[in-house]
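Below is one structure, written out as structure tokens; comments come after it.
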Amino acid sequence: MTSTVAWSDLAFFYFIAVIPLSLLWSMGLKDLSRDLAISIVRMSIQLLVIGFYLQTVFDLDNLALNILWLVAMALIAAITSAGRAEMPRLKSAVPLTSAILIAMLPVLLMFIVVLSRPVPWYSAQITIPIAGMLLGNALGSLVIALRRFNLRTPEDREHIELLTTMGATKLEARRTLVKASLRAAASPVIASMATLGLVSLPGMMTGQILGGFNPIEAVQYQIAIMLGISASQTLSIILALRFTIYMEAEYE
């Protein structure tokens, strides 16, 4: 099942969005209504720009351009994560981008070689959406882990100082903090995966069913991407925390 959405049809959904905006405004929440309206406009512009850009990338389907776009996606994710975790963005960009790419590329290649098998193998229509799903899902967990790691409690600082004075290495002194950060980041992911399919239908599965795939085949792809997301999320967090520890002396 495929169809082309007319711009006039899409405009109807903007009319629907006016309803909550009007309700918030009438309730005296003008600042919230304004922020929501701005976010809708920004979202629309960003998606339209990226849509036209991706159409160009898909038409060219050039390996070098695809790699450049993947690196740019990882860099943006790294800078965003650093900013939300209140870390210096420029100094954190390289280690966090490296952590994200190292965690993402094996999963992406496995998805391409084992499951999708596009021709050519670097097909932008496969690599970029899959990379986007991996990065998008890793971003939230990465922010949670980095915030927990960097916004330390007085108990965290005392524990680190005590272990350091006893001769512990940077990694050893921060091991408890790393574990706490991993737990904080993993909890929402585990809860989401535990209810997947029961509480909500995941986006990839829904998209494939709407695109004409049978439900079993859509489920197979969804299981594969969820396993990949879980692996890349965990690995990116572990690597990001380790790289952060190694760089800590430079930006503290």
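The sequence shown runs 363 to 614 under our numbering.
No residue lacks a Cβ here, since even glycine has one placed at the ideal position from N, Cα and C.
Since we're looking at a predicted model, the values are computed, not measured.
| Asked | Found |
| --- | --- |
| The alpha helix (DSSP H) enclosing R545, as first and last residue numbers | 537 to 557 |
| Completely contained alpha helix (DSSP H) runs for the stretch 380 to 445, where each covers 4 or more residues | 392 to 422 |
| DSSP state of N576 mapped onto helix, strand, coil | coil |
| Coil, strand or helix - W369 by DSSP | helix |
| Validate contact between the stretch 483 to 493 and the stretch 418 to 435 using beta carbons, cut 8 Å, 3 pairs | yes |
| Three or more C-beta pairs below 8 Å linking the stretch 567 to 577 and the stretch 465 to 484 | no |
| Beta carbon of L458 nearer than 9 Å to that of L383 | no |
| Delimiting residues of the alpha helix (DSSP H) encompassing A455 | 451 to 472 |
| Simplified DSSP assignment, three categories, for S485 | coil |
| Beta-carbon separation (whole angstroms), L425 vs Y484, contact threshold 8 Å | 5 Å |
| 8 Å contact criterion, which A547 and I506 should meet: CB distance rounded | 4 Å |
| For A440, the nearest candidate out of L525, S543, S598 (CA to CA) | S598 |
| Backbone CA spacing between I402 and P550 [nearest angstrom] | 26 Å |
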